[in-house]
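Oh and the sequence shown: position 398 is 430 in the working numbering, straight run, nothing missing.
A virtual CB, placed ideally from N, CA and C, is assigned to each residue, including glycine.
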Amino acid sequence: MLRNSLFSAAFAWLLGLCIAQGNVLSGLEPNQQTYRKLLAVEILWFDGFYWSFTLAASVIKLLPERFYINSTPSKLSSGQILAKLVPRVLPYAVGVTLISVVGGVGVASLSLSTAKFKLDLYWTLLCCTFFVVAADTHTRHIFKTETVGGQARELRPSKSPDPARPRRNSPSTREFLRVLAQNLPFVVSAVLSAAYAHAVSFIPIRAEWDLAVFAICSLSFKVLAQELVKMYLNKQKRAPSTRSMAILVAAPTILIDTQLRTMLLCQDNSSLTLVGSILLALIEVVLRSIRTLHVRHQAHRIRSQSPSAVSVLSIESLTLAPSPSSNLQDATRVQTLMGLHAAEVYADMHAEYIAMGCSYAILFFFGSHPRFHLNSNASTDSPSVTHTVSFATIVLQLGVEVVVDFVATGVEIHSGVDFASFNEDGAYLASFMAVVAVVNIHISSSIYLRSQ
């Protein structure tokens, strides 16, 4: 888990470095480049990183599958799967890039009065959705038409065969729309997280009390977002996979935690950072313990309500055994409940490390950059306020977080929380966490980029 978090944070730093350099082909320093050129380069870098990890996630999905090669089932290498995917999704990548850059720069150039709304940020996030949908749709189509598992699933007795329907070489419009509908929660999560970060940039932090109120509101908003995600997943007809649960919980958590930690580091006060880090750690331990106890209580209540003994109806003199379907449904509810909690904890642990890595990258690359300003109270005419982060602060925060996870995870495992299922999706979750980290840097850089 720590390895995956470091992997995501490393690419967040790399993207931050690329954005901070601006257009290197112009031969000009970043502070001499125009706002439009800086924004166009920022969108291009973001799109490139975003596509790369989206394609990586698609390849990882297909790696375990066996493909029909000359009527012989065999596995393909990553390069061979990429050779299948890239020609199919490349037109979408090029089209989305053009629309994203032209539209983003266009809406950002309407007038200086509208620049504060950061419409380019929301535009680029929506544009990237279409690339994700295209990549996911073609990945599913390849699985369905070219793999052993996909064709076996299509020939299941539960499916009504249609021999007259020809096999398509490309996905249908209906398939695209279905995948788009399934990805809408991720889109909503990203847009709402961007709106949260955008709103945070207008909040003036002038005293420690302001920071405390901001931290409480951020933590409350994070808990609310996680609960809404769990409510959505609980309403699904089929039990959601651990992969889906971790992804939906992780995205808003990482983005919210990054803004909170960035705001804490922007105070440039080592003592305040130390106290804030310890308080956040204590709050995290308490929240995780309360959630674990609450989940155990819910699971116990579901099991106790499930009939385990025969019940006799005296009026009809009939003996009724518990319905197997009812017992199965209760077992599924408990399994989903425990899986959601495990996904929430797993995503929380990932989120803390990735959020720390992203906040350090934001401070390091943008804190003293002449074209970015992290101080919401500074006017556009005043000199940029610089922010730095010390190595001791980084070591301290990481040490506190490791201790917190060591203690809290031990309690959760003892309480029956199973994290082993996430090891099967380790590579896929690593690539997705990298996507979230990249989106995180894109959101922050777009918000902090000065239009003047």
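- In the three-state reduction of the DSSP assignment, R323 falls in the helix class.
- Taking S110 as the centre and dropping the five residues before and after it, the same chain places the C-beta of V91 closer than 6 Å to its C-beta, in chain order.
- Ranked by how close their Cα comes to the Cα of V73, the residues V137, H382, A88, D289 have V137 in first place.
- As DSSP reads the structure, P105 sits in a beta bridge with Y100.
- In this structure, the alpha-carbon of A167 lies about 9 Å from that of W83.
- Taking C-beta separations shorter than 8 Å and ignoring five residues to either side along the sequence, the partners of I131 in its chain run C159, following chain order.
- Rounded to whole angstroms, the gap between the alpha carbons of G431 and S221 is 30 Å.
- Within the model, the alpha-carbon separation for V436 versus V317 is close to 7 Å.
- In the three-state reduction of the DSSP assignment, L260 falls in the helix class, which pools H, G and I.
- Inclusion of D79 and T129 in the CB contact set at 8 Å is warranted, their separation being smaller than that value.
- Between the C-alpha atoms of A331 and M370 there is a straight-line separation of about 8 Å.
- Between the alpha carbons of V468 and I286 lies a gap of roughly 8 Å.
- A distance below 8 Å separates the beta carbons of L395 and T294.
- Within 10 angstroms of the beta-carbon of V126 lie fewer than 16 other beta-carbons, which makes it exposed.
- Going by C-alpha positions, H326 is about 53 Å away from S103.
- The C-beta of S336 has fewer than 16 other C-beta atoms within 10 Å across all chains shown, which makes the residue exposed.
- The beta carbon of A466 is closer than 7 Å to those of F39, S40, F43, F85 in its chain, skipping five residues each way along the sequence.
- Cα atoms of I426 and Q291: separation of roughly 16 Å, rounded to the nearest angstrom.
- Burial state of K93 is buried, judged by a 10 Å Cβ sphere holding 16 or more other Cβ atoms.
- By the Cβ criterion, the region 239 to 251 is not in contact with the region 173 to 185, since fewer than three pairs of Cβ atoms, one from each stretch, lie closer than 8 Å.
- Cβ neighbours of S391 within its own chain (closer than 7 Å, five residues either side excluded): T290, R293, T294, L297.
- Sorting Q299, F218, L256 by C-alpha distance to the C-alpha of I237 places Q299 at the top.
- Assignment of T294 by DSSP, reduced to helix, strand and coil, places it in the helix class.
- If you look at E61, you'll find it isn't in any alpha helix (DSSP H); DSSP assigns it neither H nor E.
- Residues F99 of the same chain have their beta carbon placed closer than 6 Å to that of L108, with the five preceding and five following residues left out of the count.
- Sixteen is the threshold: when 16 or more other Cβ atoms of the shown chains lie within 10 Å of the Cβ of S476, as they do, the residue is buried.
- Inter-residue distance for P123 and Y154 is about 22 Å (C-alpha atoms, whole angstroms).
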